[in-house]
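All residue numbers for the sequence shown refer to our numbering, where the first residue is 2 and numbers rise by one. Just so you know, even glycine gets a beta-carbon here, dropped at the ideal spot from N, CA and C. Fair warning: this is a prediction, and the values are worked out from it, not measured in the lab.
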Amino acid sequence: TLQYNSFEDPRCEGYLEDGRTGMSPSTLKRAFLNNLFYVQGKFKALATPNDYYMALAYAIRDRLLQRWINTAAIYTAQGSRTVAYFSAEFLMGPHLGNNLINLDIYKDVEKGIAEMGLNLGELLEQEEEPGLGNGGLGRLAACYLDSLATLEIPSLGYGIRYEFGIFDQEIEDGWQVEITDKWLRFGNPWEIARPEWAVEVKLGGHTDHYVDDHGRYRIRWVPDQQVTGIPYDTPILGCQTNTANTLRLWTAEAPESFNFNAFNSGDYLGAVYEKVVSENISKVLYPNDDSSQGKKLRLTQQYFFVSCSLQDMIRILVGQELPLEKFHEKFAVQLNDTHPAIAVAELMRLLIDMHHMSWDSAWSITQRTFAYTNHTLLPEALERWPVELFGSLLPRHLEIIYELNDRFLDEVRIKFPEDDSRLSRMSLIDESGERYVRMAHLACVGSHAINGVAALHTELLKQDVLYDFYQMYPGKFQNKTNGVTPRRFMVLSNPALTELVTSKIGDTWIKNLGELQKLEAWADNPEFQQQWRQIKQANKQELAAYIQKHNGIIVDPNSIFDILAKRFHEYKRQYLDLLHIVTLYNRIKANPDIEITPRTFIFGGKAAPGYFMAKLIIKLINSVADVINRDPDVRGRLKVVFLKNYNVKLAQRIYPAADLSEQISTAGKEASGTGNMKFALNGALTIGTLDGANVEIREEVGAENFFLFGLTAEQVYAKRASGYNPMEYYNSNAELRLALDRIASGFFSHGDTELFKPLVDSLLHHDQYFLLADYQSYIDCQEQVGLAYRDQDRWTHMSILNAARMGKFSSDRSIQDYCREIWKVEPVTITLENSEVTDS
Ligand code: T68
2 TLQYNSFEDP RCEGYLEDGR TGMSPSTLKR AFLNNLFYVQ GKFKALATPN
52 DYYMALAYAI RDRLLQRWIN TAAIYTAQGS RTVAYFSAEF LMGPHLGNNL
102 INLDIYKDVE KGIAEMGLNL GELLEQEEEP GLGNGGLGRL AACYLDSLAT
152 LEIPSLGYGI RYEFGIFDQE IEDGWQVEIT DKWLRFGNPW EIARPEWAVE
202 VKLGGHTDHY VDDHGRYRIR WVPDQQVTGI PYDTPILGCQ TNTANTLRLW
252 TAEAPESFNF NAFNSGDYLG AVYEKVVSEN ISKVLYPNDD SSQGKKLRLT
302 QQYFFVSCSL QDMIRILVGQ ELPLEKFHEK FAVQLNDTHP AIAVAELMRL
352 LIDMHHMSWD SAWSITQRTF AYTNHTLLPE ALERWPVELF GSLLPRHLEI
402 IYELNDRFLD EVRIKFPEDD SRLSRMSLID ESGERYVRMA HLACVGSHAI
452 NGVAALHTEL LKQDVLYDFY QMYPGKFQNK TNGVTPRRFM VLSNPALTEL
502 VTSKIGDTWI KNLGELQKLE AWADNPEFQQ QWRQIKQANK QELAAYIQKH
552 NGIIVDPNSI FDILAKRFHE YKRQYLDLLH IVTLYNRIKA NPDIEITPRT
602 FIFGGKAAPG YFMAKLIIKL INSVADVINR DPDVRGRLKV VFLKNYNVKL
652 AQRIYPAADL SEQISTAGKE ASGTGNMKFA LNGALTIGTL DGANVEIREE
702 VGAENFFLFG LTAEQVYAKR ASGYNPMEYY NSNAELRLAL DRIASGFFSH
752 GDTELFKPLV DSLLHHDQYF LLADYQSYID CQEQVGLAYR DQDRWTHMSI
802 LNAARMGKFS SDRSIQDYCR EIWKVEPVTI TLENSEVTDS
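Structure, rendered in structure tokens:
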């Protein structure tokens, strides 16, 4: 094959087999060895597993670069309409395996690596995952980037390059301990810094109102601090396409000329201090997934990345010689929750103050640019900033928000005359006590589309959380049910099942998940069932080996793998799962010979470091596990495992090995859930409430293939309204009482009756999330699960149908809906020949 002489004839075979672009096994092998030598400076005798990982990562990055550069060149030449996905979190997970899948060279590389005496799986293990997100919201953003690239939609993800992502979770004496996530420690082969596109961001200070030389009234922001944003780009490859889009994350640095005066006057430490302050902005991800604490640094982070991104987009627009008036034609910006909602005020400021546009033109462009996705119904999660704090950081934006609010409330007055309480409910400023800026209201007013993330969630938004806005702007509201990428969560993580499915229905399902439906024809085929079961069994064995290695617990792969893996939160009700476990344990203690379908209860998830109750639930799980796993009476029928440090990597091991997926949130609390989709795609059956996307999953798979329990959202509201008394359930349900008493008695805490008292008391006296109300229904439903599992043919049939009917929950479907109904954007095909790059 030809080497580097291909620029002369970009279309010749030699170009495609270039040492940095070629995909044949021999070229890949040579590239790997070259990188090991020239980039890592190592050869076999000295190389560590990490060196091998890096060498392979760079060899693969070379293949991406060709696609990436071509993609950028074509988008630029065509001035393509582009989606900008603004998100404070992108929970990407490891890149290498996913890129091999999307390049469709996984098997070749695995083979080539094996021929060199190495193991691809071990190299993949080396990658530190970029955990730049908390949970569902950040992972959704990552799935959406995958689908955008796969569907060939021009798009940019914009966010923050946190130096420390979500903390690593250790368990000490049953308690969660947080360790900083130093994911950049060994360098990041997937990113390229673009210092030439750095931008300046102002902070603090005050505004000046003045009359300019032409006699025009103007406003100037006089900041007291300035930071530089440096973009770091990561290529996002589509599956089996040439498209490679960009994830652009910003790092904060002190400006070049930082505190020049302090420096000159000998205040070296003062000058360096400023540098530290600036760099703190992108230092660490806030580990809260549910509450807004009103911390100034958090608002600074949000403003920082939003300002950087909008300035970057203006640079792109100007570079393509398009006028600012076309901003909304060039870009569709999606706000991933309210974290980037300050963008509404920032775009107004940029257009008016910096580019001298009129208020009305700027507002029209702004509203046509933004769309807002809401991810929560929890009132404590709705972001609001104390007005004083807001004004001290963003004085100009506060003025803009006041002006917006005056105009907005005038509109409300016209539509709903003489309704003062409506005005105060809808105002962008909460004035009921201490004054706050309400970010969800800003997002609603500044966007042309507002969406929830599952059908039920969107309905509840319209009826409750955003009721007034729905009345004001009914046409803005839409539903966009979440989805997940089958590339990472099936093809990469469950290769055996992927192969079986492909052997029956071909491989087009990978990009068109609806085709999985063809599997229904096989659901009762004994041989297929047998193969399906064997694969699940092998996946369970792998997880069992992982559990033995990391927890020292031996679990039975023939038992039901009953898994609850997600962030810890009271509304997600991990505690209800525990009450079931303790109930089964009590039954065994009362009757040691009782017949119980053997189960392995597996938990995974992190708690926000300041969330006491969530951390206590983790401690309780580990305490219950200690007792049950050791008790000889249990005779292996029950095992309880807490897997530490649940992250994308671990999730990829867990979903393929699950029999039962626990989706047991209080109805009306979980906006959608996405783990529910990943479990079902991998053939797990769901036990769940009518909450979030569970409702639609049940619709798709059929009620007879879903274990439903619990109150509906409506029943929960009614119960709350009529005065819910959890004590009544405690008093009237003997098994429930026994379970709670066992926890309260100190049985799981070496006789300490204080330790879990807060948990028991919160159920008996408040039970905000209706665990006791749903307890019996849950226990009965679990009984049905146990019975169903005993009939393996029936279970396998249900499992196959669950996977076969997951078509709707591909993130490709979600993204197609966003493209058609919100963004109005079309695919652009990328060819590797004939582009500017290869012609140069
Ligand atoms: C989740 N939200 C929803 N929030 O809880 C889940 N919040 O139902 C849904 O499926 C998912 O979003 C995707 O739509 C979150 O994950 C956060 O992580 C978060 C982070 C910071 C502040 C607030």
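Counting the other CB atoms within 10 Å of its CB gives residue 615 a total of 16 or more, which places it among the buried residues.
In this structure, DSSP gives residue 253 an extended state, which the three-state scheme calls strand.
The segment 561-571 and the segment 626-635 do not touch, with fewer than three beta-carbon pairs separated by less than 8 Å. Of the residues 387, 274, 411 and 459, the one whose Cα lies closest to the Cα of residue 430 is 387. Counting along the chain, the unbroken beta strand (DSSP E) around residue 169 starts and ends at 169-173. Of the other Cβ atoms in all chains shown, fewer than 16 fall within 10 Å of the Cβ of residue 47; this residue is therefore exposed. Excluding its 5 nearest sequence neighbours in each direction, residue 604 has C-beta neighbours in its own chain below 6 Å: 565, 622 and 643, listed in chain order. Put simply, of 574, 591 and 639 the residue whose alpha carbon is nearest the alpha carbon of residue 617 is 574. Across the structure, residue 247 and residue 109 are spaced so that their CA atoms are roughly 26 Å apart. In this structure, residue 60 sits near residue 33, with a CB-CB distance shorter than 9 Å.
With a beta-carbon spacing of about 6 Å, residue 469 and residue 423 fall inside the 8 Å limit used to define contacts. In the DSSP assignment, residue 640 falls within the beta strand (DSSP E) that extends over 639-644.
Residue state for residue 299 is assigned as helix, using DSSP reduced to three classes.
Under the three-state reduction of DSSP output, residue 157 falls in the strand class.
Under the 8 Å Cβ criterion, the segment 322-329 does not count as touching the segment 278-293, having fewer than three qualifying pairs. Collapsing the DSSP output to three states places residue 376 in coil.
Residue 147: member of the alpha helix (DSSP H) spanning 137-151, first to last residue.
The DSSP assignment places complete beta strand (DSSP E) segments of no fewer than 3 residues inside the segment 451-491 at 478-480, in order along the chain. Taking a cut-off of 8 Å for Cβ pairs, the segment 482-489 and the segment 666-679 touch, as three or more such pairs fall below it. Contact annotation: residue 113 and residue 250 have beta-carbon atoms that are not nearer than 9 Å. For residue 180, the enclosing beta strand (DSSP E) covers residues 176-180. Partner residues in the beta bridge of residue 285, as assigned by DSSP, are 165. Placement of the Cβ of residue 673 at a distance of less than 8 Å from at least one heavy atom of ligand 1 is found. Not one heavy atom of ligand 1 sits closer than 8 Å to the Cβ of residue 145. The beta-carbon distance between residue 665 and residue 547, rounded to whole angstroms, is 24 Å. This is too long to meet the 8 Å contact definition. Here residue 59 carries a helix assignment [DSSP, helix/strand/coil]. Counting C-beta atoms within 10 angstroms of its own C-beta, residue 315 has 16 or more neighbours from the protein chains shown and is therefore classed as buried. Excluding its 5 nearest sequence neighbours in each direction, residue 435 has C-beta neighbours in its own chain below 7 Å: 387, listed in chain order. Restricted to the segment 607-684, the beta strand (DSSP E) segments that are unbroken, complete and at least 3 residues in length are 639-644 and 661-664, listed in chain order.
Among the bridge pairs identified by DSSP, residue 307 is matched with none. For the options 164, 282, 148 and 165, the alpha carbon positioned closest to that of residue 157 is the one of 148. Residue nearest to residue 517 within the set 122, 215, 134 and 682 is 682 (criterion: CA-CA distance).
By the Cβ-count criterion, residue 535 is exposed, with fewer than 16 other Cβ atoms from all chains shown falling within 10 Å of its own Cβ. Note on geometry: alpha-carbon atoms of residue 187 and residue 660 lie some 37 Å from one another. Out of 243, 153, 426 and 129, the CA that lies nearest to the CA of residue 66 is found in 243.
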